[in-house]
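The structure under discussion appears below in the form of structure tokens.
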Amino acid sequence: MGLGLDILLTLDSMLRLATPLVLCAMAGLISERAGIVDIGLEGKLLVAAFGAAAMASWTGSAWAGLGAAILASMLFALIHGFACITHRGDQIISGLALNTIASGLTIVLSTALFKLGGQTPTLDAGARFGPISLPGADSLADVPWFGPFWRQLISGHSLLVYMAMFSVPLVWWLVWKTRFGLRLRAVGEMPAAVDSAGVSVSWLRYRAVLIAGILCGIAGAFLSTAYGSGFVREMSAGKGYIALAALILGKWRPFSVLLACLLFGFLEAAANRMQGTDLPLIGQLPVEFILILPYVATVILLVGFFGKAIPPKALGIPYVKER
Amino acid sequence: MTKLPAWAEFGLIPLINLALAFGIAGIVIALLGVNPFAAMKVIIEGAFVDDGALGYTLFYTTSLIFTGLAVAVAFQARLFNIGGEGQAYIGGLGALLVAVTVGSWLPAIASIPLAILGAAGFGALWAFVPGWLQAYRGSHIVITTIMFNFIASGIMVALLSGPLMRAGQPNPESALIADSARLPLIHEIAPHLGLHVARSPLNLAFPLALIACVVVWALIWRTRWGYALRAMGHSEDAAEYAGIKVRRLIVSAMALSGMLAGLMAINVILGAQGKVTLAFPAGFGVTGIAVALMGRSHPLGILLAAFLFGALVQGGTELDFEFPTITREMVLLIQGLIILFSGALTFMFVPMLSRILGRH
Numbered sequence: 001m002g003l004g005l006d007i008l009l010t011l012d013s014m015l016r017l018a019t020p021l022v023l024c025a026m027a028g029l030i031s032e033r034a035g036i037v038d039i040g041l042e043g044k045l046l047v048a049a050f051g052a053a054a055m056a057s058w059t060g061s062a063w064a065g066l067g068a069a070i071l072a073s074m075l076f077a078l079i080h081g082f083a084c085i086t087h088r089g090d091q092i093i094s095g096l097a098l099n100t101i102a103s104g105l106t107i108v109l110s111t112a113l114f115k116l117g118g119q120t121p122t123l124d125a126g127a128r129f130g131p132i133s134l135p136g137a138d139s140l141a142d143v144p145w146f147g148p149f150w151r152q153l154i155s156g157h158s159l160l161v162y163m164a165m166f167s168v169p170l171v172w173w174l175v176w177k178t179r180f181g182l183r184l185r186a187v188g189e190m191p192a193a194v195d196s197a198g199v200s201v202s203w204l205r206y207r208a209v210l211i212a213g214i215l216c217g218i219a220g221a222f223l224s225t226a227y228g229s230g231f232v233r234e235m236s237a238g239k240g241y242i243a244l245a246a247l248i249l250g251k252w253r254p255f256s257v258l259l260a261c262l263l264f265g266f267l268e269a270a271a272n273r274m275q276g277t278d279l280p281l282i283g284q285l286p287v288e289f290i291l292i293l294p295y296v297a298t299v300i301l302l303v304g305f306f307g308k309a310i311p312p313k314a315l316g317i318p319y320v321k322e323r
Numbered sequence: 324m325t326k327l328p329a330w331a332e333f334g335l336i337p338l339i340n341l342a343l344a345f346g347i348a349g350i351v352i353a354l355l356g357v358n359p360f361a362a363m364k365v366i367i368e369g370a371f372v373d374d375g376a377l378g379y380t381l382f383y384t385t386s387l388i389f390t391g392l393a394v395a396v397a398f399q400a401r402l403f404n405i406g407g408e409g410q411a412y413i414g415g416l417g418a419l420l421v422a423v424t425v426g427s428w429l430p431a432i433a434s435i436p437l438a439i440l441g442a443a444g445f446g447a448l449w450a451f452v453p454g455w456l457q458a459y460r461g462s463h464i465v466i467t468t469i470m471f472n473f474i475a476s477g478i479m480v481a482l483l484s485g486p487l488m489r490a491g492q493p494n495p496e497s498a499l500i501a502d503s504a505r506l507p508l509i510h511e512i513a514p515h516l517g518l519h520v521a522r523s524p525l526n527l528a529f530p531l532a533l534i535a536c537v538v539v540w541a542l543i544w545r546t547r548w549g550y551a552l553r554a555m556g557h558s559e560d561a562a563e564y565a566g567i568k569v570r571r572l573i574v575s576a577m578a579l580s581g582m583l584a585g586l587m588a589i590n591v592i593l594g595a596q597g598k599v600t601l602a603f604p605a606g607f608g609v610t611g612i613a614v615a616l617m618g619r620s621h622p623l624g625i626l627l628a629a630f631l632f633g634a635l636v637q638g639g640t641e642l643d644f645e646f647p648t649i650t651r652e653m654v655l656l657i658q659g660l661i662i663l664f665s666g667a668l669t670f671m672f673v674p675m676l677s678r679i680l681g682r683h
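Sequence lines, in order, name chains A and B. For the first sequence, the positions run 1 to 323 when my numbering is used. For the second sequence, the positions run 324 to 683 when my numbering is used.
Below is the structure:
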């Protein structure tokens, strides 16, 4: 049981660590499929985490926190849209600006409002998304193989983890099976064609950016009101950028992106478990070498070693309507 | 696209951007219950008036000149180097390795230049790789430089808490660099010249940064290489057609950019600290982007913008002590707003201004 349980616990922690990555990567997927680069995932994640924790600590409601997180993240998405769609500004610079603003603003606001040196008060259980026990988690626990698998791995996560996993088929359906999705992909490949069909390029792109805002909002709420119990400064800690890496590694396709997120989540979970333990033959491996693997893998992919990552054709190019 | 007269483009637009960023930050400060003008006064006093304040301001200015020039050199060729942070970090490693190796047996006159070369070389190498990948494999430079920032950070954490960690102390930081390989501090040299200067980390990297401004200006506007670089920035296809070897240019521009970012480490590591600490670039690589945008990628503009941001960083630390509700991160907010207005919303004002100024 020892090794089996070890593996189950690592996978369990993988699901939790992958949750914000999955939500952010899906956000990035929708935005970038519509032709808008989203470096600002990190910033949206951070403001959402702060919004959720602040609102949850005032109201005592995790749901109010989630609402605030989504609103905060959508506000940032709107600014991104205003700069990149309406004013055809540089999308990378806009994203970078929003990340910097987010990191300054959340520390300034949390210090001023809560006077705890850049944190929010620790949230009690009622103001957080607690673990959900799925039916059968206890009664089936003795069934060999399936019992522990169901109980340890699948059951017992917060609602937001299940929402993240569900977001993947949802995004797939939205982008590949609906008329909106068809137009969305078209606007990321050849906006002029969409425009000449009489569909507004700007409005489509605005909707894509706003949906990305919603997804990042849920991810932020997960960080501060489900995974953690409160906001800590810089708590997004590069997760938005890892999501960006997963998006590229998954080549802008939902299920491949999910796999990349799970892989990155697994690496982090494994690194956490291996901290300080001796491995056979190599001894202690610095965990940093495991933690940088997502970035190394992305660079190797971009070099073109395992297949080519081809982004949407109109990605990053502002659309100028012909007159 | 309508064109603005130069005074408007290089003077008025940056001022409008600055005013907007300060205005919004001022509103935030007022909403938090503090008089924004009182906060401004604290920043200005903290940056210029207090004992040693100007030295700190110029110290931060020095770092920002290097990272700002780094971004600007790449910008001239339409390359966006976000990796200044990682290049500075790795540059620090280069400075350390050389300084520790030669510092104990070579005189200062030889070991200091070698250590500076170490910083420049390692920084250049860390940008050369993304540059090469962009030129020959088409890997998007923005993404690769972001990834290289994180890789650099991981490597440095592993090294500083592992093989490079100084024995006998709890923090992950490197061995101390011998005095003979360190850049002298200004307040230590000044008495020899009969001057009294207050204590600050300001060191000889500052004049070197000023020289770097001149060298970069000459390189970009007075050499064949710089001409090719600017031509490529205007149109890669035209440059290629004119016989410019675009790929080699991408690689050399990125290497120079990384070299400048790496030189930021001489200010902090060889000058102020004498050792490499965790995350010593402290966001200055990113601030360099704001500096380059605001300085319109021109060395003179960068000098001014670096001084402005240096003053904000130094004055901003005083906010922590003077007000219970406002912290130094206010400066980060201002910086983000300036990046937004001067980088992403540039086109918001140009049409409006060109209508007002009546040039079409």
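Beta carbons: idealized from backbone N, C-alpha and C, even for Gly.
Alpha carbons only, please: which of 151(A), 183(A) and 53(A) is nearest the one belonging to residue 127(A)? 53(A)
From residue 608(B) to residue 406(B), what does the alpha carbon distance come to, in whole angstroms? 7 Å
Can you give me the Cβ contacts of residue 484(B) inside the same chain, cut-off strictly under 6 Å, excluding the 5 residues immediately before and after it? 495
Spatial neighbours of residue 34(A) within its chain, please: CB distance less than 7 Å, with the 5 preceding and 5 following residues excluded, ordered by chain position. 184, 187, 188, 204, 205 and 208
Residue span of the alpha helix (DSSP H) that contains residue 115(A), given as start and end: Careful: residue 115(A) lies outside any alpha helix (DSSP H) and carries neither H nor E.
Paired residues, beta bridge with residue 131(A) - DSSP: 158(A)
Per DSSP, cross-strand counterpart(s) of residue 600(B): 496(B)
Straight-line Cα distance separating residue 233(A) from residue 106(A): 7 Å
Residues of the segment 283-314 of chain A in Cβ contact with chain B at a cutoff of 7 Å, in chain order, please. 286, 288, 289, 291, 292, 295, 296, 298, 299, 302, 303 and 304
Nearest-angstrom Cα separation, counted from residue 422(B) out to residue 80(A): 45 Å
Apart from the five residues just before and just after residue 668(B), which ones in its own chain have a Cβ nearer than 7 Å to its Cβ? none
Suppose contacts are defined by Cβ-Cβ distances below 8 Å. Is residue 444(B) in contact with residue 586(B) by that definition? no
Give every residue of the same chain whose Cβ lies closer than 7 Å to the Cβ of residue 377(B), excluding the five residues on either side of it in the sequence, and list them in chain order. 371
Quick check: residue 639(B) and residue 288(A), are their CB atoms within less than 8 Å of each other? no
Which two residues bound the contiguous alpha helix (DSSP H) that contains residue 58(A)? 41-59
If the cut is a Cβ gap below 9 Å, which residues of chain A does residue 609(B) touch? 96, 99 and 100
Buried or exposed by the 16-neighbour rule on C-beta atoms within 10 Å, applied to residue 465(B): buried
Beta-carbon proximity check, residue 20(A) vs residue 222(A), cutoff 8 Å: yes
Shortest alpha-carbon distance to residue 22(A) belongs to which of 7(A), 31(A), 247(A) and 154(A)? 247(A)
CB contact flag (residue 533(B), residue 508(B), <8 Å): no
Pick helix, strand or coil for residue 232(A), following the three-state DSSP scheme. strand
Could you compute how far the alpha carbon of residue 546(B) sits from the alpha carbon of residue 454(B)? 21 Å
Is the CB-CB distance between residue 552(B) and residue 457(B) below 8 Å? no
Counting only beta-carbon atoms, is residue 265(A) nearer than 8 Å to chain B? no
Can you tell me whether DSSP reads residue 525(B) as helix, strand or coil? coil
Within the 8 Å Cβ cut-off, does residue 75(A) reach chain B? no
Burial state of residue 239(A), where buried means 16 or more other Cβ atoms lie within 10 Å: buried
Rounded to a whole number of angstroms, what is the C-alpha to C-alpha distance between residue 98(A) and residue 136(A)? 45 Å
Can you check which of these residues, 101(A), 36(A) and 10(A), is closest to residue 263(A) by C-alpha distance? 10(A)
Determine the burial state of residue 313(A): buried for a count of at least 16 other Cβ atoms within 10 Å of its Cβ, exposed for fewer. exposed
Is the beta carbon of residue 651(B) sitting closer than 8 Å to the one on residue 642(B)? yes
Between the Cα of residue 520(B) and those of 528(B), 510(B), 529(B) and 527(B), spot the shortest distance and give me the residue it belongs to. 510(B)
Could you tell me which residues DSSP puts in a beta bridge with residue 508(B)? 526(B)
Compile a chain-ordered list of the residues in the segment 655-671 of chain B whose CB is closer than 7 Å to at least one CB of chain A. 655, 656, 658, 659, 660, 662, 663, 666, 667, 668, 669, 670 and 671
Counting pairs of beta carbons, one from the segment 582-598 of chain B and one from the segment 490-504 of chain B, are three or more of them closer than 8 Å? yes
For the segment 238-264 of chain A, enumerate the residues whose C-beta is nearer than 7 Å to any C-beta of chain B, in chain order. 238, 241, 245 and 248
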